[in-house]
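Numbering-wise (my numbering), the sequence shown opens with residue 6 and increments by one.
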Amino acid sequence: MHALKAGDPPFVGGYRLLGRLGSGGMGVVYLARSTGGALAALKVIRAEYAADHGFRVRFRREAEAAEGLTGQWLVPVVAADPGAAEPWLATAFVPGPSLAEAVTLHGPLPDRTVRVLGARLAEALVEVHAAGLVHRDVKPGNVLLALDGPRLIDFGIARSTGATALTASDVVIGSPGYLSPEQARAGAGDVGPPSDVFSLGCVLAYAATGRRPFGTGTPAAVVFRTVHEEPDLDAVPWALVPLLTDCLAKDPEARPTAREVCDALAGGSEREGAWLPPALPRLIAERSAAVLALPDPEPDTATLLSTPEPPALSRRRLLTLGSAAAVVVTGGGLAAWAAGRRGNGDGGTAGEPLPRYAIGLHADLSGTGKAVGRAQERGVRLAVADFNSRADRAFDLTLKVRDDGGRATRAQQVAAAFIADRTVYAVIGPTGDASSTEAVVARYEKALLPLVTVSAGTDAFTAAIDRVFFQLRPDESVLSTAFIHYLTHNAKSVRTSVIDDRAAGRLGWEIVKDLTEWPPAEGRTTSHVVPAADADFGPAAAAVLAAGAQGVVYAGASPHRGALCARALERAGFKGTLMAPEPVLETGFLTEAGTAAEGWLFSTTYVDPAQLPAAARFVTSYEKRFGVRSVEPFAVEAYDALNFVAQGLRALGTAGVERGAMVQRLRASTYKGLAKTIRFEASTDQFDWADGLFLHRVENGGPRFLGRYDKVEQT
């Protein structure tokens with residue numbers, strides 16, 4: 006549970022808002038109280054999505070699909086207004102954790118708990134299917150655990166059996182790892198109740214073992230195994246194996262019905278007594294107590310706080326940190342917050358040596374990502390030099406740099422070295438790709454050593470579990486937000502084509518899924534596949550023209566293959582808007598594409614500081630110090646990251662610096678950097694990405710920074 010922000014309304018549709026349960030790119034879920042005193046989870050959709058007629062249709066469908074369902078193991082819709090300026094939907098509030106969270110925190114569930122879980126979820130699906138509906142997204146994150154049993158939630162993609170989907174016929178709907186083979190074979194026919202049974206089998210296998218039955222990896226790899234390979238049930242209790250094997254049959258006709266699953270599990274699930282292992286009722290009790298302790302907001306909060314404030318601290322962090330407010334610092338340096346430090350007696354008397362704190366830089370300086378690593382090293386070195394030159398500083402900083410060569414094995418060695426060095430209080434990096442980061446987070450977490458990443462984007466971690474991990478950029482799954490916004494508001498593309506480069510892995514999957522599920526400008530999106538082993542983009546380019554596309558998004562990650570795509574579209578004579586994600590925007594793309602690169606727009610997570618007036622001093626110092634003609638990507642972001650860490654050190658005071666305290670302090674801080682504002686969502690403790698997503702356009706053979714994605718004027 007997290008406090009309301011200053012900009013949150015006090016009421017929505019007659020419901021009094023009490024706090025935030027969660028938030029994401031689409032909207033916010035609040036804890037609310039009705040006029041009668043009942044608690045509800047109230048979902049409010051952001052205005053920019055509400056402007057999309059197609060979205061309103063989908064939102065209305067969710068409300069209508071769920072409002073008639075009243076089963077014990079379903080969460081009923083108690084009110085909704087799809088026609089409001091910001092559509093909202095309220096359901097009964099369940100204070101328990103999701104199944105995904107429970108398994109992550111406490112491991113696999115015992116056999117009896119799995120049987121009760123399965124029987125009751127199957128009973129919920131019996132009612133869903135009897136109403137002529139298919140849930141289509143049964144997964145651990147959509148199962149909440151309560152003391153009396155589970156609750157199945159979220160009918161966001163549910164639809165009537167036999168109904169026409171609102172997305173294109175080749176779009177996969179569902180969550181990889183839990184979707185059925187028929188869902189994975191997009192366009193292969195209707196998806197009916199057996200699909201939910203397959204997903205339920207996946208959920209129960211996960212609950213019993215802590216592992217997905219079709220493994221992990223890229224969505225494409227997981228989907229391939231779902232369609233073509235047998236599930237991994239080796240760790241499933243033997244008594245459950247026959248039933249789960251039947252549920253996971255490739256042929257929908259060979260699966261049991263939800264009623265048959267319910268009956269098969271009922272024998273072991275109807276005994277009296279607690280159904281959850283001991284740790285989970287305690288977790289549920291803690292959640293319930295937090296809700297009961299949450300006071301109503303003051304009636305005049307919204308009017309008193311007229312200017313936007315940083316995200317509010319959660320109650321948990323307020324208790325941890327005491328009454329101190331989150332620190333807010335203006336970018337460009339630390340002089341503002343350091344002023345008066347020595348005069349207040351906190352920095353020692355004149356002539357005393359200042360304390361020295363080391364910051365580590367975990368970088369790829371010799372591998373394939375050495376250019377990005379070198380840029381970040383330069384940015385951090387400049388920040389350290391700037392900080393140590395200030396007369397009013399309370400301590401000195403030193404920088405320790407280690408090279409992992411962009412290899413996961415060496416990354417672990419680098420992490421071990423930094424962890425063993427007790428003079429290091431935080432580490433910036435890794436600067437390589439997500440694999441290097443994912444290889445070391447657990448090590449840094451165990452040591453409670455803050456790890457601050459600038460360029461590597463991953464969604465593999467959550468702040469609740471991986472407390473030390475501070476990702477100061479959006480992950481790659483967010484890049485498509487810029488495509489949708491620009492194609493809707495700038496290009497006004499009602500016919501959009503996505504070139505689905507299957508060599509791209511998860512990034513490509515995310516882009517295709519987002520663009521087809523949320524078509525720009527209330528229009529239609531078509532997808533054109535280029536197999537991973539195929540270098541000929543000509544057929545896809547021809548299909549784009551045949552579809553009458555006004556905008557094209559290349560869903561790929563390779564500069565070389567992106568250049569092949571650009572040249573194919575140029576040869577085909579396409580004249581509309583062209584967009585691609587950040588990994589494509591490298592020298593290789595510009596060189597190989599040649600004139601075909603002109604006009605391409607890129608969704609990025611870095612800025613060009615030369616285009617930012619506030620960064621003028623930084624640019625001058627950087628170019629002079631390192632003898633370069635321009636600042637490389639992620640250099641100014643690394644400069645900001647170092648100052649963000651230094652701010653945390655200063656806030657703790659020279660007597661209170663230790664690694665664990667740094668973790669708490671950094672998560673509670675807001676830093677107004679040169680490139681963007683660094684802050685973390687109060688509801689999730691994750692980086693607030695809205696201020697960190699940008700657009701670049703290729704002009705005269707090179708990229709030109711346009712600005713924040715939602716502030717770019719029509720061109």
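Glycine residues also receive a C-beta, built at the ideal position from the N, C-alpha and C atoms.
Identity of the residue in G434, E258, D268 and A210 nearest W243 by Cα
A210
Q555, DSSP secondary structure in three states
coil
Under the three-state reduction of DSSP, which class applies to Y54: helix, strand or coil?
helix
Since V377 and F639 are thought to touch, with beta carbons under 8 Å apart, how far apart are those beta carbons, to the nearest angstrom?
6 Å
Is D201 helix, strand or coil when you go by DSSP?
helix
From V217 to R655, what distance separates their C-alpha atoms?
The question names Val, but residue 217 in the sequence shown is Arg. Computed Cα separation, rounded: 44 Å.
From the DSSP output, in three-state form, read off Y644 for me.
helix
Helix, strand or coil for K629? Go by DSSP, reduced to three states.
helix
Cβ-based burial, P261 [other Cβ within 10 Å; buried from 16]:
buried
Does the beta-carbon of D153 have 16 or more other beta-carbons within 10 angstroms, so that it is buried, or is it exposed?
exposed
With 16 other CB atoms within 10 Å as the buried threshold, where does W578 fall?
It should be noted that the sequence gives Gly, not Trp, for residue 578. Exposed: under 16 other Cβ atoms inside 10 Å.
Can you tell me whether DSSP reads L454 as helix, strand or coil?
coil
Start-end ranges of the beta strand (DSSP E) lying completely within the region 15-89, minimum 3 residues:
20-28, 32-38, 44-50 and 82-86
What span of residues does the alpha helix (DSSP H) with F229 cover, start to end?
P224 to H233
Checking 9 Å against the spacing of the C-beta atoms, do A537 and D506 come in under that value?
yes
Have a look at Q476 and Y35 and give me their C-alpha separation to the nearest angstrom.
25 Å
Pairwise C-alpha distance: L253 and R664
46 Å
Run through the DSSP bridge pairs and tell me what A431 is partnered with.
I364
For the alpha helix (DSSP H) that contains Q542, what are its first and last residues?
A quick correction: the sequence has Phe, not Gln, at residue 542. F542 -> no alpha helix (DSSP H), and no H or E assigned at all.
Kindly provide the ranges of any beta strand (DSSP E) runs that are 3 or more residues long and lie completely inside the region 561-602, ordered along the chain.
582-586
So G528 and R511 are supposed to be a Cβ contact under 8 Å. How far apart are they, rounded?
Between R511 and G528 the Cβ distance is about 26 Å, and since that is not below 8 Å, they are no contact.
Run the CB neighbour count on Q652, radius 10 Å, all protein chains shown included, and call it buried at 16 or more, exposed below.
buried
In terms of residue numbering, what span does the alpha helix (DSSP H) encompassing K716 cover?
Note, K716: premise wrong, no alpha helix (DSSP H); not H, not E.
Would you tell me roughly how many angstroms separate the C-alpha atoms of I504 and L520, rounded to the nearest one?
11 Å
Separation of K10 from M667, as counted between CA atoms
24 Å
Assign E515 to one of two classes, buried (16 or more other C-beta atoms within 10 Å of its C-beta) or exposed (fewer than that).
buried
With DSSP run on the structure shown, which of helix, strand or coil describes I504?
strand
According to the Cβ coordinates, are A97 and A46 closer than 9 Å?
yes
Would you give the residue range spanned by the alpha helix (DSSP H) that H134 belongs to?
D116 to A135
Closest to F649 by C-alpha separation, out of A420, V432, L74 and L110, would be which residue?
V432
Contact under 9 Å by Cβ, R156 with V99
yes
Have a look at A615 and L44 and give me their C-alpha separation to the nearest angstrom.
51 Å
Report buried or exposed for T308, applying the criterion of at least 16 other Cβ atoms within 10 angstroms of its Cβ.
Low confidence applies to T308: its pLDDT is 30, below 50, so where it sits in the model is not reliable, and the reading given next is rough at best. Exposed, by the Cβ-count rule.
Spell out a yes or no on whether the region 449-466 and the region 421-439 are touching, meaning 3 or more CB-CB pairs, one atom from each, closer than 8 Å.
yes
Ignore the nearest five residues each way along the sequence and tell me which others in L387's own chain have a CB closer than 7 Å to its CB.
S626, Y627, R630 and Y644
What is the C-beta distance between W523 and F60, in whole angstroms, given that I count them as a contact (C-beta under 8 Å)?
7 Å
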